[in-house]
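Here the protein sequences come in this chain order: D and B. Just so we're aligned: 311 in the numbering used here is position 311 of the first sequence, and the numbers increase by one with no gaps anywhere. Just so we're aligned: 80 in the numbering used here is position 80 of the second sequence, and the numbers increase by one with no gaps anywhere. Even glycine gets a Cβ: it sits at the ideal position worked out from N, Cα and C. To start, the structure under review is shown below, and the notes come after it.
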Amino acid sequence: MPVTVKFFRPFRQFRSRLLFYTIGLLLLALAGVVAVVNQVFRDNTEATIRHELLVTERIFLRLLSERSQQLTQQATALASDFAFKRVIATQDQDTLTSALANLGARVQADASFLVSIDDSVLANSLDPQQNGQLFFAEELLAQAEAEGAAARLMLIGKTPYQLIIVPVLAPEPIVWLCLGFVIDNTVLAQLKQLTQVEISLLSEQSQTLQIQASTLVPSPRQRLPLFQTDADGFFWHTDKDLYLSRLVVLENQQTGKLIALIERSWPKALENFYRLQWLLLMIALLSIGLASLAAAWLAKTVSKPLQTLARGAQAIGLGNYGYQVQIHSQDEMGQLGMAFNAMGTQLLEKEKIRTLLGKVVSPVVATELLSHDVVLGGETREITALFTDLAGFTSIAEQMPPQALVALLNGYLTEMSSQISRHHGVLDKFIGDAIVAFWGAPVADAGHAQQAVHCALAMQHALRDLRTIWRQQGLPLLSMRIGINTGDAVVGNIGSIDRLDYTMIGDTVNLAARLEGANKYYGSEILISEQTYQQVCSRFACRELDTVRVQGKQQHVAIYEVIARHSQLTPEQHQLCLNFADALAAFRQRQFPQAKILFTGLVGSFQDKPSALYLQRLEELAAQEVAADFDAVYDLAK
Amino acid sequence: MRTKAMALILGLLLGNAHAVTIRVNVLDSDGKPIGQAAVYATPDTPQPVARAKPKTLIIDQVDKEFVNHLTIVQTGTPVSFPNHDKIRHHVYSFSEAKNFELPLYEGTPAKPVVFDKAGVVTLGCNIHDWMSAYVLVVDSPFFALTDNQGAAQLEVPAGHGYAVSAWHPQVKKRPPGNAKVTVAAGNSTELALTLDLKKSFRPIRLPATANLDAGYR
């Protein structure tokens, strides 16, 4: 058994489809918005931070220089201490060292040096070994000599200091006072407070970059690569954070470089953006929710009337034209509903007409009429016309109460018309107790003559059943005469434009009517013309009764009585037919004695009424001289 | 040799009878004249000590400044520092040639300060940083200050050799460049000395407009 896998199952329901597309489009739009906002925000943030870092760098340098100035002023004030000058004058090493330590402590200096005018260290707080040696920062001394004071960031050993050199004036320089302030995390923390950025101080000595101090906690020890010092801001990772940073070379000396790293936390900078993202997400969820509700509502408003309409269409398909859909909206759906209901009403109307038409006219004609535009006019067709009449009805009608009469008649007509319908005939009209019907129009039917004859036999059979009922009810037993003729006739919608019948006219019709009436004369029940006989003789047993002269026609017409279907012909009937044919032949050959014997025999054996008619004719012929041109043709009785 | 010495002493004793003039021009490294520079000539032969008690010199303090800025004295000269301001001054020096202090005083101190050692003595006032003055103590009676054209004249006994030196408070190296000259009688000598000066930095005096009008100036 083959297994089929459906990769894509289209939505069955309109609602799901609408929901899918609405939410899909919304998501697409939202994703686009978020992507654009994200990009723009990040770009902006980065550009802003780069710019801010540039500004911060200036502020940072400015702060450093201000701090230098401040420290210089402090050092200058210290250097004016007269007692200290006196100590210097004593040139006592221990006193000098002690006084220097005291002096440094006043401004919380981390290192202090006293340097002679000829650049040798007189006293210092770090290393007594240095006393008497050349001061390590000769450049700075030269600068102080030239400018009156000097300040610089420097590494002493491996520690970064802010060094301040001022002269001790008495009143001209007698020694240089050098104070050093370590730049540590505390200092950077103060700077961070002012600049609002993370700051790290790095030293670079013989290609080794080392972090000296940092506001980052904990200090990112090992992860700093060597950067291009002119880099216009760059990203770098600590263990846990990403920073957008900027390198500022503070001092570039032979002994080493001092570099400040100004850092802005990237995630912190994006905090606002994350808040915005949350907001966007909430808005997105809200709008998706609302859109879903709206889509569901919309789908409902669309699909519900559609379902209603579908039910309506189903009902109408089943023929329930009276079905009315209930759509109360004012929009296109409402219009559709109204149109649908109007259509139903219209169909109902039409159906009523069709039903009525089926009752008034034959269903076949009704269908034909409804399927085409109804126009006045006709066409010549070969048809078979059938006329019936109830023998002696008129006299009965005068004796019966009207209701009983109508009931009797309705029962009779209902039965007969149903036989006609059953045999696909077209019931043209009722004329009192008479019925007019035809075959071969409007729907062409090659077997119209056979159908008509078959129907006539069936009608007689039905009448026999009816008579059984009538007998039980004590009603008069009526017999029926039928005349059938086949030939060309004009069929079509005949009448006025307001009121018309689908009917037939022509000699063919007249002859059929005349044949119906002629039954009375011959004592027969079903009379058919020669034309009909030609078409039905293969199936129905008939006997020729006479040859008649039809008014307005040159040709004589043989007329036949229908006996039965060949298959149902009884031996007696067969015998009757054979004997009657012999008798008729004798009559026509003017062997009247012979004919008289034969007809008399038939009347005796079968109480045959036509034979009785012929005996009468023989008597008439015996009473007068037989004309020389006797052709055994009679005028058709009216 | 002995006769020479005798002649010098004689000459000195006899006044300027045999005196000659040494004209000294003091220029800076750019060849511009330096005014208010000290010029002194030290005879090759040591000076005889025999002389009268030297006269006391005066360095005034007027309007919170020393007057004069540069004073040249011969070794052993007493200098008095009379204070003409209404406020006290605290004159001091930590120089090797003379380390002294005149703690906050008014008027003229009781004792003058005797500059008994040759060298530069830098004077300051402990309570007025900008106040400074120099006393150049020399072992010679022959000294002078240059005028604004950088010129000075030294009247010295003729017939002796002298080391002529120049000095200025802003001179870069100590001792400054000097020159040896021998002056013959009747021949005045002219020589040029070059001093390399540096920028001086002294504490800047508070401006007169400073909000200290309560008798500050």
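Helix, strand or coil for L123/B, going by three-state DSSP, please let me know.
strand
Considering only the alpha carbon of each residue, which of T570/D, V557/D and D428/D lies closest to Y634/D?
V557/D
Does DSSP classify F60/D as helix, strand or coil?
helix
Checking contacts by CB at 7 Å: is T71/B closer than that to chain D?
no
Taking a cut of 8 Å between CB atoms, which residues from the segment 126-149 of chain B lie near chain D?
N126, D129, W130, M131 and S132
Using a beta-carbon distance below 7 Å, is E172/D in contact with chain B?
yes
Counting C-beta neighbours from all protein chains within 10 Å, is the total for L270/D 16 or more, i.e. buried, or is it exposed?
buried
Please report the Cβ distance between E516/D and F387/D, rounded to the nearest whole angstrom; I am assuming they are in contact, meaning their Cβ atoms lie under 8 Å.
4 Å
Quick one: residues in its chain with C-beta nearer than 6 Å to the C-beta of G392/D, no 5 flanking neighbours on either side, listed in chain order?
none
Mapping DSSP to helix, strand and coil, what is D129/B?
strand
Quick check: D445/D and F438/D, are their CB atoms within less than 7 Å of each other?
no
Could you tell me which of L163/D, N320/D and F135/D sits nearest to K352/D, measuring between CA atoms?
N320/D
Proximity below 7 Å, CB of G334/D to CB of I316/D
no
Name, please, each residue of chain D whose Cβ falls closer than 7 Å to the Cβ of F66/B.
Neighbours of F66/B on chain D: none; closest Cβ ~10 Å, over 7 Å.
Could you tell me which residues DSSP puts in a beta bridge with M504/D?
V491/D
Just the C-alpha distance for N272/D and T208/D, rounded to the nearest angstrom, thanks.
38 Å
With distance defined between alpha-carbon atoms, name the residue in R67/D, I174/D and S611/D nearest to D118/D.
I174/D
R12/D classed as buried or exposed, judged by whether at least 16 other C-beta atoms fall within 10 angstroms:
exposed
Could you name the residues of chain D that F94/B contacts, counting a contact when the two beta carbons are closer than 8 Å?
K85, R86, I88, A89, A170 and I174
Using DSSP's beta-bridge definition, name the partner residues of E66/D.
BP columns for E66/D are empty, so no partner.
Hey, could you find the ends of the beta strand (DSSP E) G256/D is sitting in?
G256 to S265
What three-state label does DSSP hand P476/D in the structure shown?
coil
Residues of chain B with a CB under 7 Å from the CB of S80/D: which are they?
D129
So for H90/B, helix, strand or coil by DSSP?
strand
Under a CB-based cut-off of 7 Å, is N99/B close to chain D?
yes
Does the Cβ of L279/D have 16 or more other Cβ atoms within 10 Å, making it buried, or fewer, making it exposed?
exposed
Count the other C-beta atoms from every protein chain shown that fall within 10 angstroms of the C-beta of T97/D, then say buried if there are 16 or more, exposed otherwise.
buried
Would T122/B count as contacting chain D if we go by Cβ distances under 7 Å?
yes
What residues match up with T77/B in a beta bridge as DSSP calls it?
F115/B
Can you give me the C-alpha to C-alpha distance between H18/B and L154/B, rounded to a whole angstrom?
13 Å
For L613/D and E530/D, I'd like the C-alpha separation in whole angstroms.
20 Å
Just to confirm, is the Cβ distance from F181/D to Q210/D under 7 Å?
no
Answer yes if the segment 60-72 of chain B comes into contact with the segment 188-202 of chain B, meaning at least three C-beta pairs across the two stretches below 8 Å, and no otherwise.
no
Which of the three DSSP states, helix, strand or coil, is assigned to M400/D?
coil
Going along the chain, which residues of its own chain have a beta-carbon closer than 8 Å to the beta-carbon of K198/B, five neighbours each way excluded?
Q170, V171 and K172
From E101/B to M131/B, what does the alpha carbon distance come to, in whole angstroms?
14 Å
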